[in-house]
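Residue numbers (our numbering), protein chains in the order written: chain A, 1 to 352; chain B, 1001 to 1352. Below is one structure; the comments refer to it alone.
Number of protein chains: 2
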Amino acid sequence: MPAPLKNDLYLRALGRENTERTPVWVMRQAGRYLPEYLETRKRAGDFMTLCSTPELACEVTLQPLDRFNLDAAILFSDILTIPDAMGLGLRFEAGEGPIFDKPVRTRADIESLPVPDPADELRYVTDAVSLIRRELDGRVPLIGFSGSPWTLAVYMVEGRGTKDFSKVKGLMFSEPALMHQLLERTADSVTAYLNAQVEAGAQSLMIFDTWGGVLSPAMYREYSLAYMQRIVDGLKREAEGRRVPVVLFTKNGGAWLDAMADTGCDGLGVDWTTDLAVARQLTEDRVALQGNLDPSTLYATPERIREEVKRVLESYGHGPGHVFNLGHGIHQHVNPDHLGVMVDAVSEFSAR
Amino acid sequence: MPAPLKNDLYLRALGRENTERTPVWVMRQAGRYLPEYLETRKRAGDFMTLCSTPELACEVTLQPLDRFNLDAAILFSDILTIPDAMGLGLRFEAGEGPIFDKPVRTRADIESLPVPDPADELRYVTDAVSLIRRELDGRVPLIGFSGSPWTLAVYMVEGRGTKDFSKVKGLMFSEPALMHQLLERTADSVTAYLNAQVEAGAQSLMIFDTWGGVLSPAMYREYSLAYMQRIVDGLKREAEGRRVPVVLFTKNGGAWLDAMADTGCDGLGVDWTTDLAVARQLTEDRVALQGNLDPSTLYATPERIREEVKRVLESYGHGPGHVFNLGHGIHQHVNPDHLGVMVDAVSEFSAR
């Protein structure tokens, strides 16, 4: 029997219920800006060992909660665990980001892709979720996550970071049916993976569509949004007698928030290039909104950080449904104390 | 006395006059996808020699016009010639992009930055413009260009390519007055530089704001748009008895087209993430629009390329004021014949 939640602000805000103040968490809150994270990572040896050892993943997941008054924990993992479990050979190279040794390029590559069994190849993830839930002991809810099918496909086809997306878009434009096959299989893998996270104890889910914003509006709907829709339709939306809210986040997707809200998700991530006031107009309070301070703001003075927090809160305006966050992951060279200033300012300025 | 223009479709479209068909040119049309370009570049030895030798810059500027029915030529140069002329030491490293050996970081760095004299350190550019005009002999108009102040500042402060813009945004958030000083000086340099290009024979101008889209709406207005406004206000807008139209292009700036149109520019570049129909609604036919096929479309079959060209033309709809282009520079691995298919399709489908 899991411990009852002591702080459910995050879940209530995603349900667009009234809250005493605006809840706050931060993308990549367990990350390289924290000296204690760097120590654990050093102990782990490499990044994938850190991800795939439940005790270590649990340890770093909890680190930011001990420093800051955050209202949610997010599973420490990588968005590329699924293609790795499909056998593509994920590794990380310094200064290069993720690399797949066996990228997916041909019909044969795509047709032979397995849908990984979350209870088998991805067991280390669900084990981490269970352990984190136990260790959290009801402090705050736990968020599970995955990359979006389009975003996973970008990495799977390109094999490494890219500036012009020529391989994945080449496939999309020259072999659309094959691209759809890849996305379908990936979407089904993500659905099974996220449902397994919920079964293991995730209390909310987030889908990161890092690369949806490089598509045209028509292509975004066809190649990214349609597959997030497929996932939303296949997710368990309730667990432990409570709704498991789902948040979609397309970086640079400000123009498509309206269409994203139509998927039936509970919340949308908004990056800093769209004002929350505009995002709210576009979505007409059908969903909660999560964001959206520019992560670089944390390089500013504490005074300036507080001003910018105020500006973001005022941009959202009155009424329920706002979860404060950065508009993207926190940068590695940020002074952790500055994040503390931000978190405290959110509480102070949003208290009702 | 310069030769009279035989084809002024491009200038007329930017003036929102009726044209027999939609004119077309392509960003980076003189570039690595052309085998004849690669040959000239090999002969030059390195990229900066190619840019700074007027005969070679002229040669590659004209190459795409000999292959395709394009309606404008664009000066072959780099967006970073100004910081190079300021003494920052520009060089290009394979796979790395541009690097400045002496990036700008401190108050002393910024206060000692000169405003380069276009007749001196940048003489190779105006010499190239004069030569190209002579060699064009009135075939099509010549476009001059520069990077936007914000975009130049990104490279000047970061010193090389960046993913999170932490140094330049760090300066912006922690030392706003200093950042404004850098942008002011850069804007004044760009203004003098573009006016010198017009005096040498450029018949239209374009300002590339490659990185404006990484800013929040408020920061975009304050740190990028304000300085493009300053440039627009300071430009010679007529030469040889004819208007010299100015086009602004902020990549990922779809949400700000309305504000951009208010600068008094003649046209706006639109990337493929915004439908031209939406762009036209936002700007209410106050300016011409240039764009916006996803460059990756050129990896598709000729048939599919033709369909997508049609879709872009239909998205703009009836009436004057459209210049067809890609939504960003052409990719280096594109088959040149596919660009030919695109150019011919624009003529065929837009003939009135």
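C-beta: ideal position from N, C-alpha, C; glycine also. For clarity, every value in this text was computed on a predicted model and none was experimentally measured.
TODO: Measuring only between beta-carbons, confirm whether B/Ala1255 sits less than 8 Å from chain A.
DONE: yes
TODO: Taking only beta-carbon positions, decide if A/Trp150 is within less than 8 Å of chain B.
DONE: no
TODO: Give me the Cβ distance between B/Leu1257 and B/Thr1283, rounded to the nearest whole Å; I'm assuming they're in contact under 8 Å.
DONE: 5 Å
Open item on the list: So with CB distances below 8 Å, who are the chain A contacts of B/Tyr1299?
Closed with: Ser166, Lys169, Gly170, Phe173 and Ser174
TODO: Using a Cβ-Cβ cut-off of 8 Å, state whether B/Gly1213 counts as contacting chain A.
DONE: yes
Open item on the list: With the cut-off set at 8 Å, would you say A/Asp294 and A/Gly253 are in Cβ contact?
Closed with: no
Open item on the list: For a quick check, are the C-beta atoms of A/Val115 and A/Arg185 less than 8 Å apart?
Closed with: yes
Open item on the list: Quick check: B/Ala1030 and B/Asp1137, are their CB atoms within less than 8 Å of each other?
Closed with: no
- [ ] Would you mind sorting B/Pro1217 into buried or exposed? The rule is 16 or more other CB atoms within 10 Å of its CB.
- [x] buried
- [ ] Go to A/Asp209, then tell me how far its beta strand (DSSP E) extends in each direction, as first and last residue.
- [x] Ser204 to Asp209
Open item on the list: Using a Cβ-Cβ distance cut-off of 8 Å, determine whether A/Arg210 contacts chain B.
Closed with: According to the sequence shown, residue 210 of chain A is Thr rather than Arg. Cβ-Cβ to chain B under 8 Å: no for A/Thr210.
Open item on the list: Would you say A/Arg280 lies against chain B (beta-carbon separation less than 8 Å)?
Closed with: no
Open item on the list: Could you check whether the Cβ of A/Thr106 sits closer than 8 Å to any Cβ belonging to chain B?
Closed with: no
TODO: Using beta-carbon positions only, say whether A/Gly97 and A/Gly159 come within less than 8 Å of one another.
DONE: no
Task: C-alpha distance - A/Ala259 paired with A/Ser224, whole-angstrom precision - done: 12 Å
Task: Inter-residue spacing [alpha-carbon to alpha-carbon] between A/Tyr316 and A/Leu276 - done: 5 Å
Task: Residue-level contact to chain B via CB, A/Trp25, 8 Å cutoff - done: no
Open item on the list: Measuring only the C-alpha atoms, how far is A/Met172 from A/Pro118?
Closed with: 28 Å
Open item on the list: Measuring CB atoms only, is the segment 1051-1060 of chain B touching the segment 1072-1082 of chain B, in the sense that at least three cross pairs come out at less than 8 Å?
Closed with: yes
Task: CA-to-CA distance, A/Glu222 to B/Met1179, given in whole angstroms - done: 41 Å
Task: 8 Å Cβ cutoff, A/Ser296 in contact with chain B - done: yes
Open item on the list: Could you compute how far the alpha carbon of B/Gly1321 sits from the alpha carbon of B/Leu1289?
Closed with: 6 Å
TODO: Closer than 7 Å, Cβ to Cβ, to anything on chain A: give me those residues from the segment 1301-1329 of chain B, in chain order.
DONE: Thr1301 and Arg1304
Task: Simplified DSSP state of A/Gly329, which is helix, strand or coil - done: coil
Open item on the list: Quick check on the burial criterion: 16 or more other C-beta atoms within 10 angstroms. Buried or exposed for B/Gln1281?
Closed with: exposed
Task: Stretch pair the segment 1009-1025 of chain B + the segment 1058-1073 of chain B: three plus CB contacts closer than 8 Å - done: yes
TODO: Might you give, ordered along the chain, the residues of its own chain that have their beta carbon closer than 8 Å to the beta carbon of A/Asp47, omitting 5 neighbours on each side?
DONE: Inspection of the sequence shows that residue 47 of chain A is occupied by Phe rather than by Asp. Closer than 8 Å at the Cβ level, and outside the excluded window around A/Phe47, lie Arg41, Asp78 and Phe92.
Open item on the list: Given a cut-off of 8 Å on the beta-carbon distance, is the pair A/Ile330 and A/Met27 in contact?
Closed with: yes
Open item on the list: Check whether chain B comes within 8 Å of A/Ser52, counting only Cβ atoms and requiring the distance to be less than that.
Closed with: no
- [ ] Could you tell me the distance, in whole angstroms, from the CA atom of B/Met1342 to the CA atom of B/Ser1130?
- [x] 30 Å
- [ ] Determine the contact status of A/Val198 and A/Ile82, defining contact as a CB-CB distance below 8 Å.
- [x] no
Open item on the list: Under 8 Å, Cβ to Cβ, is there at least one residue of chain A near B/His1331?
Closed with: yes
Task: Inter-residue Cα distance where the pair is B/Glu1308 and A/Lys169 - done: 14 Å
Task: Reduced DSSP category for A/Arg242 - H, G, I as helix; E, B as strand; rest coil - done: strand
Task: Contact check, B/Leu1248 vs B/Leu1268, beta carbons under 8 Å - done: yes
TODO: Alpha carbon to alpha carbon, how far is A/Glu238 from A/Leu14? Give it in angstroms, no decimals.
DONE: 14 Å
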